[in-house]
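Quick note, the sequences are listed as chains A, B and C, same order.
Quick note, the first sequence lines up with residues 4 to 130 if you use the working numbering.
Quick note, the second sequence lines up with residues 118 to 286 if you use the working numbering.
Quick note, the third sequence lines up with residues 63 to 204 if you use the working numbering.
Working notes for the structure below.
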Amino acid sequence: MNTTMTLGGHFTYFVTIFLMVAGLFIVIARGNLIKKLIGLGIFQTSVYLLYIAPGKLVGGTAPILSDAFTVYSSPLPHVLILTAIVVGVATLALGLALTVRIREAYDSIEEDEILNMDAVPSRQEQA
Amino acid sequence: MAVTVWVIARSRNLFGVIVLGGIYSFLMATVLVAMDAVDVAMTEASVGAGISTVLFLGALHLCKSEEARPVNKPWLPLIVSVAVGAVLVYGTLGLPEFSDPKAPIHTHVVPRYLNEIKQEVDVPNVVTAVLASYRGYDTFGETTVVFTAGAGVIALLRRRRNKNKGDKA
Amino acid sequence: MRHDLILRVIAKLLIPFILLFALYVQFHGDFGPGGGFQAGVILAAAVIFYALIYGLADARKVVPEPLVESMMAIGVLIYGGVGVAGLLLGGNFLDYFVLDHDSVHGQHRGIFWVEVGVATTVSGVMLKIFYMFAARGNADDE
């Protein structure tokens, strides 16, 4: 009885962890740079959920003051996550610009091919 | 959302992956509305599903490729991810339950904000008031970060007015 | 050509409403969800929509590049300006209550200008990044 109550109360954390692990898997297991950036985006959105889910009160409402409601969900994580979303899109734009430059320099956006291309000249220098 | 993420991980067509990323952002925005986070949901929908998708498509147009077939089976990353997930599950068992009014997130600063905003600032949207007034310094830093990202992209992608194409480092 | 026509007509109908909605979100951010970031992004999205339908050259004529670049910087300067105004009028940096005769009105003024600054910077940056990505592709095709 106690375990099911705990599991039910923590369900949002499990969802968050699943999304986080999925994003992490995409980042480290896939070699394509654009897919890595999408995986990073999934990871970031799971962190937003991690912060906002504990702020909700069942029976509360959105944190906009009004005379009709008394119970509000906590506005503090909303503020932090708003900043986080905008910073996330800023880093995404920079990452995409870097990807475009890498593509122009190496003519590929697969991580393995780029590392091979970087490794080959050094082997030639040593030879 | 789990289905979307699964297909993103498995699919190799990058265009489809980007569109699925946009769908994922919209689903996340819906979940955020269910969590009473309306400002965050609006920002996530417009930024995640709008601007992110546009930028990804722009970059894809410039890169023009599909994902290559992975060479090895991804066993090691899978094990690492699942191990990290297990550690996180063990860690979150100590966190407060969903919708617990006595959780720290509701007790320290938030009652002061919710009660005193009427006298001090008189702006009904608490999130905007906190963002712009109580935590205005953080928002200043964030605006500077956005500006720096724009300047960085300009620095990375600007073309010099040279005649030889191979000289644009 | 026919498909092009439908898109152009719909774009002409929708873009003013999107711009109006961006202004609404900006100025109504005190009373409902919204605020500077959302408004800036929606404004940039409206101009990107125009650029997608009518071509980058037309969009560049309507919103020229020097305007976008200066919007990026002016937003941050407005924000810093509000902070320095607080300094000059006797309070600390980014104090709003010294900005007007009444403390609450000072807060209103400070929040208004700060949100304007944020929206300007965000829309300028998003638009500039889109312009750079799109221009890079065109230059490659030449």
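Positions of the beta carbon are idealized from the N, C-alpha and C atoms, including for glycine.
The model shown is predicted, which means the values in this text are computed figures rather than measured ones.
Proximal residues of chain B, C-beta to C-beta of residue i below 8 Å
i     : result
F99/C : T160 and V164
Cβ of residue i within 8 Å of any chain B Cβ
i      : result
Y109/A : no
I117/A : no
V50/A  : no
I136/C : no
G152/C : no
L101/A : yes
Y158/C : yes
A71/A  : no
Cross-chain neighbours of residue i in chain A, by beta carbon under 8 Å
i      : result
I104/C : The premise fails here: I104/C is roughly 14 Å from chain A at the closest Cβ pair, so nothing lies under 8 Å.
Y230/B : P78 and L79
P202/B : The sequence as given places Gly at residue 202/B; Pro does not occur at that position. Correct list: I20, F21, M23 and V24.
Buried or exposed (CB count within 10 angstroms, at least 16 for buried), residue i
i      : result
K235/B : exposed
V61/A  : exposed
Y112/C : buried
D206/C : Summary: the structure shown does not reach residue 206/C, with chain C confined to residues 63 through 204, and so no result is reported for it.
P128/C : exposed
T73/A  : exposed
M120/A : exposed
K123/C : exposed
V24/A  : buried
G258/B : exposed
Nearest-angstrom Cα separation, counted from residue j out to residue i
i      : j      : result
R33/A  : K39/A  : 7 Å
L105/C : V199/B : 41 Å
A272/B : L97/A  : 10 Å
A119/B : V130/C : 39 Å
A56/A  : L76/C  : 35 Å
A93/A  : R129/B : 26 Å
M194/C : V103/A : 11 Å
S77/A  : V150/B : 14 Å
E107/A : A176/B : 12 Å
is_contact[residue i, chain A] using C-beta, thresh 8 Å
i      : result
N242/B : yes
A75/B  : Absent from the structure is residue 75/B, since the part of chain B shown begins at 118 and ends at 286.
CB-CB length for residue i against residue j, believed under 8 Å
i      : j      : result
V164/B : V89/A  : 7 Å
V201/B : L27/A  : 6 Å
G115/C : A73/C  : Note on identity: in this sequence residue 115/C is Ile, with Gly being the wrong assignment. Sure, about 4 Å apart at Cβ, within 8 Å.
A249/B : V176/C : 5 Å
G96/C  : M159/B : 7 Å
I135/B : L179/B : Incorrect: roughly 13 Å between the Cβ atoms, too far for contact.
G167/B : V103/C : 7 Å
Y109/A : I84/A  : About 36 Å; that fails the 8 Å criterion.
Contact list for residue i against chain A, beta-carbon separation under 7 Å
i      : result
G139/B : Residues of chain A passing the Cβ test: none, with the nearest at roughly 10 Å.
I191/C : A96
Check: residue i C-beta below 7 Å from any heavy atom of the ligand SAM
i      : result
V122/B : The ligand SAM is not among the ligands present in this structure, which contains no ligands whatsoever.
C-beta neighbour in chain C for residue i, strict 8 Å
i      : result
A272/B : no
E233/B : no
S250/B : yes
I2/A   : The shown model of chain A, from 4 to 130, leaves out residue 2/A, and the question about it has no answer.
V89/A  : yes
Chain B contact residues for residue i, given Cβ-Cβ distances below 9 Å
i      : result
Y141/C : G253, T256, F257, T260 and T261
Closer than 7 Å at the beta carbon, the chain B residues around residue i
i      : result
A122/A : Near A122/A there are no residues of chain B at all, since even the closest Cβ is about 16 Å away, more than 7 Å.
8 Å Cβ cutoff, residue i in contact with chain F
i      : result
I168/B : Of the protein chains in this structure, namely A, B and C, none is chain F.
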